[in-house]
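Add 44 to the 1-based position in the sequence shown for the working numbering, that's all there is to it.
We put the CB at the ideal spot given by N, CA and C, even for glycine.
Read through the structure below, which is laid out as structure tokens, and then see the notes.
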Amino acid sequence: MDYRKNEKVTVQIDDIGNDGEGIGKVDGYTLFVKDAVIGDTVEAKITKVKKNYGYARVEKVIKPSPFRVVPKCALYRQCGGCQIQAMSYERQLIFKQDKIKNNLIRIGGFSEGFIESVMEPIVGMDNPWHYRNKAQYPVGYDKEGNLVTGFYAGRTHDIIANTDCLLGASENRMILEAVLSYMKENNVPAYQEKSGKGLVRHILIRTGFDSGDIMVCVVVNGKRLPAEEELVKKLIGIPLAENNAKVGIRQKEVMDGFAGKRMTSISLSVNTERNNVIMGKETRTLWGSDYIEDSIRFLPTGEKVKFHISPLSFYQVNPRQTEKLYNIALDYAGLSGKETVWDLYCGIGTISLFLAKCAKQVYGVEIVPEAIADARENAKLNGLTNVEFHVGKAEEVLPEKYEKEGIRADVIVVDPPRKGCDEKCLETMLMMRPERIVYVSCDSATLARDLRVLTDGGYEIKKVRGVDQFGGTVHVETVVLIQRKDT
Ligand code: SAH
45 MDYRKNEKVT
55 VQIDDIGNDG
65 EGIGKVDGYT
75 LFVKDAVIGD
85 TVEAKITKVK
95 KNYGYARVEK
105 VIKPSPFRVV
115 PKCALYRQCG
125 GCQIQAMSYE
135 RQLIFKQDKI
145 KNNLIRIGGF
155 SEGFIESVME
165 PIVGMDNPWH
175 YRNKAQYPVG
185 YDKEGNLVTG
195 FYAGRTHDII
205 ANTDCLLGAS
215 ENRMILEAVL
225 SYMKENNVPA
235 YQEKSGKGLV
245 RHILIRTGFD
255 SGDIMVCVVV
265 NGKRLPAEEE
275 LVKKLIGIPL
285 AENNAKVGIR
295 QKEVMDGFAG
305 KRMTSISLSV
315 NTERNNVIMG
325 KETRTLWGSD
335 YIEDSIRFLP
345 TGEKVKFHIS
355 PLSFYQVNPR
365 QTEKLYNIAL
375 DYAGLSGKET
385 VWDLYCGIGT
395 ISLFLAKCAK
405 QVYGVEIVPE
415 AIADARENAK
425 LNGLTNVEFH
435 VGKAEEVLPE
445 KYEKEGIRAD
455 VIVVDPPRKG
465 CDEKCLETML
475 MMRPERIVYV
485 SCDSATLARD
495 LRVLTDGGYE
505 IKKVRGVDQF
515 GGTVHVETVV
525 LIQRKDT
């Protein structure tokens, strides 16, 4: 097949790739078409030609798919944040369910029939907009040299100016504008990756959807900012009460117990490294509290579990879905009150505290010391005394505790970052022989790889359930219940 770069072809899209791209064939030649929706017939421009397949992007939709919707965000095609906003939410959920299933079959080597027999229906969102409680906006300059903040365009570090992302909280726009206006008035330069010069790198905003607390953390290439008090003045001067009144009704519909948003914590993160890591290691509070508070409902009793969250700590980005996720994980753990449970990759101890309410003793392990400080505080805040936290790598702490202290586990919960569990961690889990393992994963490819190791080590998958935490994007969370075969 002789296709060339920039050539235009008509293609019918009959599949979706893992990154959300449409897949179709022209005369037997496979094309991966960016921004095409399954079911579309499109005119596509070829962007890259390989021997057996090529890449293209949509020029014109000739016949729209029944699953195609008008993307709500005008910057959708440029921005790298959302990949499948042009697909109806119902179809996005089917895509995510299939993605989990296909990874388990292809990477995990499980049979289709078996996976279908253990898979429960994916848990979707009631409202797939304004769901994120956290955003990190890069600050820089556009091509004309204007100071901008927004999002990186897909696969690049060019900033698309956008202060009003539809996935985030509505007041983020005012916060970003306040920081930009402080920078302009005080001649504070944005950081420039190429030269390593300039000051402001990123703006992190976190909102407690239940508490209404807002955290703003400005990441700076240096120890301090000029006229820091001016920045604080701008941020605490934002008319949040007016905004609350304006958007209150809509937010009340989606947020139970919403008490109105308020500025709670303003801090500066020192990051002078020339790398892609957003946050620096040192944080200094400029105003207010060092942390924000939020809570997630423990469904068996309806009570709220409260959390302190510091700038460096991980906290799930979609609190409404997190409530469902944690309660499924808890249900899968099948606790009676007698169990010893390990919660690996525990962050600020969110899942650990849910488990502690139903188990005899819980141990949490997490690599970020600030998160463990939050976790200990959170145990106290909720009056839980049967939980103990350890700072360190799961793959080091667990073997050490097992080999030296002979600790045991009835249930192990893991919730690793995208790269999945370390081999040594899986190996130790197998040696500890817990009755059940609950695996919470944000990447079903590494999940599938790790499930193969666990099942080869004497365990079997009992239940798999997707929970959509990230509408508009190709990401999906998965919870799996794995049981020891001889129990
Ligand atoms: N269970 C928590 C956090 C999950 S995110 C929650 O639901 O909120 C994954 C966590 O793993 C992050 O907090 C990250 O800091 C931590 N982490 C990353 N690598 C780790 C490792 N090797 N050992 C222990 N924790 C690690």
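Following the DSSP letters along the chain, one finds residue 154 in no beta strand (DSSP E), marked with neither H nor E.
Excluding sequence positions up to five before and after residue 371, its CB lies within less than 6 angstroms of the CB of 343, all in the same chain and listed in chain order. Residue range 488-500 is occupied by the alpha helix (DSSP H) that includes residue 500.
The residues 159, in chain order, have a CB closer than 6 angstroms to that of residue 145 in the same chain once the five nearest residues on each side in sequence are set aside.
When C-beta atoms of the stretch 179-188 are compared with those of the stretch 478-492, fewer than three pairs fall below 8 angstroms, so the two segments do not count as touching. DSSP links residue 191 through a beta bridge to 185. Linking residue 223 to residue 247 through their CA atoms gives a straight-line distance of about 8 angstroms. Closer than 8 angstroms to some heavy atom of the ligand SAH: that describes the Cβ of residue 459. Beta-bridge analysis with DSSP links residue 113 to no other residue. By the Cβ test, the stretch 366-381 is not in contact with the stretch 319-326, since fewer than three Cβ pairs between them sit closer than 8 angstroms.
Sequence-distant partners of residue 56 (beyond 5 residues in either direction) whose C-beta falls short of 7 angstroms from its own C-beta, in its chain, are 68, 85.
9 angstroms or more divides the Cβ of residue 520 from the Cβ of residue 483. The ligand SAH approaches residue 389 closely enough that one of its heavy atoms is under 8 angstroms from the residue's Cβ. In this structure, DSSP gives residue 416 a helical state, which the three-state scheme calls helix. Judged by their CB atoms, residue 510 and residue 487 are not nearer to each other than the 9 angstroms cut-off. Straight-line measurement puts the Cα of residue 514 at about 8 angstroms from the Cα of residue 172.
The DSSP assignment places complete beta strand (DSSP E) segments of no fewer than 3 residues inside the stretch 235-312 at 244-251, 257-264, in order along the chain.
Check the Cα spacing between residue 320 and each of 309, 340, 237: the tightest is with 237.
At the C-beta level, residue 219 and residue 260 come within 9 angstroms of one another. In terms of side-chain proximity, the C-beta atom of residue 437 is found nearer than 8 angstroms to a non-hydrogen atom of the ligand SAH.
For residue 225, no beta strand (DSSP E) encloses it; the enclosing alpha helix (DSSP H) starts and ends at 216-229. Going by DSSP, residue 441 is part of the alpha helix (DSSP H) stretching over 438-449.
Taking 9 angstroms as the cut-off, the Cβ atoms of residue 412 and residue 433 do not count as close. Remark: the shortest separation between the CB of residue 359 and any heavy atom of the ligand SAH falls under 8 angstroms. Taking every protein chain shown into account, the CB of residue 473 has 16 or more other CB atoms within 10 angstroms, so this residue is buried. Listed in chain order, the non-local C-beta contacts of residue 470 below 7 angstroms within the same chain comprise 494, 497, 498, local neighbours out to five positions each way being set aside. Taking C-beta atoms under 8 angstroms as the contact rule, residue 415 and residue 358 qualify, at a distance of about 6 angstroms. The three-state secondary structure of residue 469, taken from DSSP, is helix. Taking every protein chain shown into account, the CB of residue 467 has fewer than 16 other CB atoms within 10 angstroms, so this residue is exposed. Annotation: residue 228 to residue 270 spans about 12 angstroms, alpha carbon to alpha carbon.
If the five residues before and after residue 446 are omitted, its C-beta is found closer than 7 angstroms to the C-beta atoms of 472, 475, 476, all from its own chain and listed in chain order. A Cβ-Cβ contact shorter than 9 angstroms links residue 244 with residue 265. Secondary structure of residue 71 (DSSP, three-state): coil. When C-alpha distances from residue 47 are compared across 127, 317, 93, 87, the shortest belongs to 93. Here DSSP, grouped into helix, strand and coil, assigns residue 407 to strand.
Non-local C-beta neighbours of residue 203 in its own chain, meaning closer than 6 angstroms and more than five positions away in sequence, comprise 182, 184, 192, 194, ordered along the chain.
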